[in-house]
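Protein chains in written order, with the numbering used here: chain A, 80 to 404; chain C, 539 to 1079.
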Amino acid sequence: MNNNNKFHLSDLLNVEGATVFFALAVLVLFSSVFAPSFLTPENISNVLVQSVFVMILGIGMTYVLISGGIDLSVGSAMGLAAAVCVYCINAGLPLPLALLLGLATGAAAGFVNAYLIVGLGFADFIATLGTLSLMRGIVEVMTASTRLNSKDPGFMFLAGGSLGGVPFAVLVALVVAIVAGVILARTTMGRAVYGVGLNPKSSFLAGVLVNRVRFSVFVVSGLCAGLSGILLASRLSSVHPAMGTGYELTAIAAAALGGASLSGGRGSVLGTALGALFLAILQNTLSLMSVNAFWFQIITGVIIVLAVLMDGGVRRFVAQRARAA
Amino acid sequence: MSVGGRRVQPFCTMKPAEARAAEVRPHLVEVRNVVKRFPGVVALGDAVLEIRRGEVHALLGENGAGKSTLIKLLNGIYQPDGGTILVNGVDQTIDGPRAAQALGISTIYQEHTLAADLSPIENIFLGRELKSASGFVVDRAAMKKRAETLWAQFGGDRRDLGRPVAELGGLKQRLIEIIKALAFEASLVIMDEPTAQLPDGERALLLAHIRAMRDRGVAVLLVTHRLDELAGTVDRVTVFRDGRWVGTMPMSETSVDDIIHKMVGRDVGSMAAAAARDADQPLDDGAPEVLRAVGLVRRGVLHDVSLTLKAGEVLGIGGLAGSGRTEVARALIGADPIDAGTIWANGRQVSPSSPADAVRAGIFMVPEERKTQGIVAGLDVSRNITISAPEKVAQSTFIQRRRERQVAAGYVRELRIKTRSPAEFIENLSGGNQQKVLFARALFSDPNIIIVDEPTQGIDVGAKTEVYRLIRDFVARGRSVIVISSELPELLGLSDRVMIMREGRKAGEIAVPIGAAGDQAAMALLQRQVMALATGGKIEQ
Chain A
80 MNNNNKFHLS DLLNVEGATV FFALAVLVLF SSVFAPSFLT PENISNVLVQ SVFVMILGIG
140 MTYVLISGGI DLSVGSAMGL AAAVCVYCIN AGLPLPLALL LGLATGAAAG FVNAYLIVGL
200 GFADFIATLG TLSLMRGIVE VMTASTRLNS KDPGFMFLAG GSLGGVPFAV LVALVVAIVA
260 GVILARTTMG RAVYGVGLNP KSSFLAGVLV NRVRFSVFVV SGLCAGLSGI LLASRLSSVH
320 PAMGTGYELT AIAAAALGGA SLSGGRGSVL GTALGALFLA ILQNTLSLMS VNAFWFQIIT
380 GVIIVLAVLM DGGVRRFVAQ RARAA
Chain C
539 MSVGGRRVQP FCTMKPAEAR AAEVRPHLVE VRNVVKRFPG VVALGDAVLE IRRGEVHALL
599 GENGAGKSTL IKLLNGIYQP DGGTILVNGV DQTIDGPRAA QALGISTIYQ EHTLAADLSP
659 IENIFLGREL KSASGFVVDR AAMKKRAETL WAQFGGDRRD LGRPVAELGG LKQRLIEIIK
719 ALAFEASLVI MDEPTAQLPD GERALLLAHI RAMRDRGVAV LLVTHRLDEL AGTVDRVTVF
779 RDGRWVGTMP MSETSVDDII HKMVGRDVGS MAAAAARDAD QPLDDGAPEV LRAVGLVRRG
839 VLHDVSLTLK AGEVLGIGGL AGSGRTEVAR ALIGADPIDA GTIWANGRQV SPSSPADAVR
899 AGIFMVPEER KTQGIVAGLD VSRNITISAP EKVAQSTFIQ RRRERQVAAG YVRELRIKTR
959 SPAEFIENLS GGNQQKVLFA RALFSDPNII IVDEPTQGID VGAKTEVYRL IRDFVARGRS
1019 VIVISSELPE LLGLSDRVMI MREGRKAGEI AVPIGAAGDQ AAMALLQRQV MALATGGKIE
1079 Q
């Protein structure tokens, strides 16, 4: 941005997802002051676990968004993966195998989306809207007569246990974020995802396997949805018919808060993770302050719009400064 | 004197402004000394054009001659930076297509602009529906009646008017666009390559309809590359070259050869010479063949195209825009699927299913339309370079940013790319420097064949000569280049051999003798030969 090494505020603001970082800092400050029980270890641990589901879902969504696509089916994929996993546990399968089958269900959902979109040329919005409905239907069938419950101690540990004082689910999310973040930011695959989102035509002619990239991001998204669903089922120790409903929008919101662009090419795993954390803390704070749950929806909506507006404003400001320089 | 049964005034090739003194009634449209500049380019300088009532007037010139700019000035998309446009003798400011329509000027663009799912009636009145007396309700009956009257003039079947436009053929769609223009009392209809996508039979019919329109008193300004369409249809022609008026002549007093001469007869020396091979580095006749394509077919686009390329050779592909030049290149690199044909690269048969395969086979294309197909805006210079082979700056799959930046910095130095740093976003570079980055991208994939499509589109003269130098350096190392260009001096200067495409077929091939670039007469003759092949005219010996 600048020729010299002098520090400029604009340099900091230009970092991907910087807006959400500031917003998060302000929110934590606010919560600490106005919600006295916010800073207790139990609550911190609770809010972190609460953020994990949207975070993992949002990380998969980030891949799709950066590539220029959208995946509306992740909420249903969560539910389906969870249902399959718990069903397998109850059928007596060993836990690792049940978990693997749950993850495979998520990946398979992503695979179907990818095939519809890349293989058959459906619009991503329509294809994933279709699989959203389809998978939700299957979850409802699977949970029609009875709720799928599991008190399997190993399964309960996923979202209930902790290692060295840190909730296990948070560790899982941390590992996912680091792996996904490094792949996106540092590998040739990650580079290709950005290239495809920014300009698919140019990337294609430069030798990027555009279709392979577009295919993989949906599989990644499905896999993340599967993992998130399994963790949520462990947290609830059951799968109910509507599990995961609406999560796709929260995941998109987290990614958008974190600087991801719905037109592709922009976004980061770190930004999305902070976005998910922000939403979880916001909900937690409002409930600690006994604010009616309806307000959470309203406030979230306002903040998302503001964040995206600010992000765009900052970007334009920085671009103008760059041109003027 | 009479053309097409109409009285035509005697003409001469003097500037219309001077001829005007003899006239009493003002012309329908008169463009006087109009200038239009874009950043870094003068698109039109001192342009003149005069259109008379009820004539078919052809506007001719090579790509980049300024025809489209002139049209956009007439229909109000652009505003002139100098000069005046008179309509019926009155100085007019045309500030948009609506204003142009109000003055009786309608334009039919090259790209089809009809909504495929709507009926012809709906299309004709789209956005300007006739209203009933109350002013609130769309008057379907009135629109139907008006459309039927016009459609009948073109001998159309009224049942066509109720069907979706998509179900009508190409000719009928074109006619509907004409009616759309006429429905609002146009006295001048501008048509940009109206026959471009029509088969020969329909082409002749459309031209007949254009003549009939003229006989009903509507003036037509026809932009076309098909010079064989002129005789019999066109009353007068105006030729532009490099944004300047060259001449206006009655068709009866000129010939296609003369028109081609006027279209290309510029000072061809300097640009061609800048691009040309040094006399002391002649092409090695015994060099091995590095690329051979036989019988490339892509249905409806390419018909049985074959080519060969030797090590150290520059093969030019010429032809008009839309003639299939770019499509040949896209077929070679697997960007478009082919229906038939075989490709050998470096002695092995290849069937690239995507440009990634072509990169592996040692072929890289720097595409036309730098902004939309070339650069990846939002990535910096270094990432734009390494995108063609990121694994070369990666350890296993992890990109080594330092190495990537060093590699980029090397290219920035070597190709003299003007940028503040390799970490600068590519969209902040000038067009010429962006083009050099794209060339660096090509070089980074280490190909032995580079295809460049319009390599100097929209860049200034200085940057052009640098791009020529890059191409020369590349072939001097025994590698090969295919260059596609609309600029004939550039094409002929760079190439050892030029193949000319017309309507998806190879129309011919011309060898460019070494040293021809410095010889004005030889260059002019070569240019006329290329134009003749590209437009379907006779080849001059």
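Idealized CB from N, CA, C, for every residue including glycine.
- prompt: Is the shortest distance between the beta-carbon of residue 288 of chain A and the beta-carbons of chain C less than 8 Å?
  reply: yes
field: Chain-ordered neighbours of residue 265 of chain A on chain C, where CB pairs are closer than 7 Å
entry: 936 and 937
- prompt: Going along the chain, which residues of its own chain have a beta-carbon closer than 6 Å to the beta-carbon of residue 1003 of chain C, five neighbours each way excluded?
  reply: 812
- prompt: For residue 682 of chain C, which of helix, strand or coil comes out of DSSP?
  reply: helix
- request: Tell me, please, whether the CB atom of residue 873 of chain C is closer than 8 Å to any CB atom in chain A?
  value: yes
message: Does residue 379 of chain A pass the burial test, meaning 16 or more other C-beta atoms within 10 Å, or should it be called exposed?
response: buried
query: Hey, is residue 342 of chain A's beta-carbon within less than 8 Å of any beta-carbon in chain C?
result: no
field: Contacts that residue 268 of chain A makes with chain C (C-beta to C-beta distance below 7 Å)
entry: 935
field: Neighbour-count burial assignment, residue 973 of chain C, 16 or more Cβ in a 10 Å radius
entry: buried
task: Anything in chain A within Cβ reach of residue 915 of chain C, meaning under 8 Å, just list it in chain order.
output: 277 and 278
- request: Compare the C-beta of residue 925 of chain C with all C-beta atoms of chain A and state if any pair is closer than 8 Å.
  value: yes
- request: Pick helix, strand or coil for residue 585 of chain C, following the three-state DSSP scheme.
  value: strand
- prompt: Comparing the C-beta of residue 957 of chain C with each C-beta of chain A, is any distance below 8 Å?
  reply: no
- prompt: Quick one: which chain C residues come within Cβ less than 7 Å of residue 284 of chain A?
  reply: 873, 893, 903, 905 and 911
task: Using the Cα positions of residue 884 of chain C and residue 986 of chain C, report the straight-line distance between them to the nearest angstrom.
output: 9 Å
field: Under 8 Å (Cβ pairs) to chain C, residues found in the segment 325 to 342 of chain A
entry: none
field: Residues near residue 560 of chain C by beta carbon distance below 6 Å, same chain, minus five either side
entry: With a pLDDT of 48 at residue 560 of chain C, under the threshold of 50, the modelled position of that residue is not reliable, and the figure given next carries that caveat. Cβ neighbours of residue 560 of chain C beyond the five flanking positions: none.
query: Out of curiosity, what's the CA-to-CA distance linking residue 869 of chain C and residue 834 of chain C?
result: 8 Å
query: With burial defined as no fewer than 16 other Cβ atoms inside 10 Å of the residue's Cβ, what is the status of residue 119 of chain A: buried or exposed?
result: exposed
query: Along chain A, which residues have their Cβ under 9 Å away from the Cβ of residue 983 of chain C?
result: 285 and 286
- prompt: Taking 7 Å as the cut-off, does the CB of residue 1043 of chain C come closer than this to any heavy atom belonging to the ligand SAM?
  reply: Of ligands this structure carries none, so the ligand SAM is not represented either.
message: Using a Cβ-Cβ cutoff of less than 7 Å, which residues in the same chain neighbour residue 126 of chain A once the five nearest sequence positions on both sides are dropped?
response: 359, 360 and 363
message: Could you tell me the alpha carbon to alpha carbon distance between residue 185 of chain A and residue 191 of chain A, rounded to whole angstroms?
response: 10 Å
- request: Going by CA-CA distance only, name the one from A/308, A/331 and A/329 that's closest to residue 320 of chain A.
  value: A/308
field: Contact set between residue 570 of chain C and chain A, taken where Cβ atoms lie within less than 7 Å
entry: Ordered by position in chain A, no residue passes the 7 Å Cβ test against residue 570 of chain C, which lies about 37 Å from the chain.
- request: Determine the burial state of residue 203 of chain A: buried for a count of at least 16 other Cβ atoms within 10 Å of its Cβ, exposed for fewer.
  value: buried
field: Bridge partners - residue 568 of chain C, DSSP secondary structure assignment
entry: C/588 and C/624
- prompt: Taking the alpha-carbon positions, what's the residue 367 of chain A to residue 335 of chain A distance?
  reply: 26 Å
- request: Specify the secondary structure class of residue 1067 of chain C as computed by DSSP and reduced to three states.
  value: helix
- request: Identify the contact partners of residue 273 of chain A in chain C, using a Cβ-Cβ distance below 9 Å as the criterion.
  value: 914, 916, 917 and 921
query: Quick one: complete alpha helix (DSSP H) runs, 4+ long, within the segment 184 to 238 of chain A?
result: 203 to 221
- prompt: Bridge partners of residue 827 of chain C, per DSSP?
  reply: C/848
query: Out of C/1031, C/847 and C/569, which has the shortest C-alpha to C-alpha gap to residue 827 of chain C?
result: C/847
- prompt: Roughly how many angstroms lie between the CA atoms of residue 384 of chain A and residue 333 of chain A, to the nearest whole one?
  reply: 12 Å
- request: Would you list, in chain order, the members of the segment 990 to 1012 of chain C that have their beta-carbon closer than 8 Å to a beta-carbon of chain A?
  value: none
- request: Look at the Cβ atom of residue 1032 of chain C, then the Cβ atom of residue 832 of chain C, and state whether they are nearer than 8 Å.
  value: no
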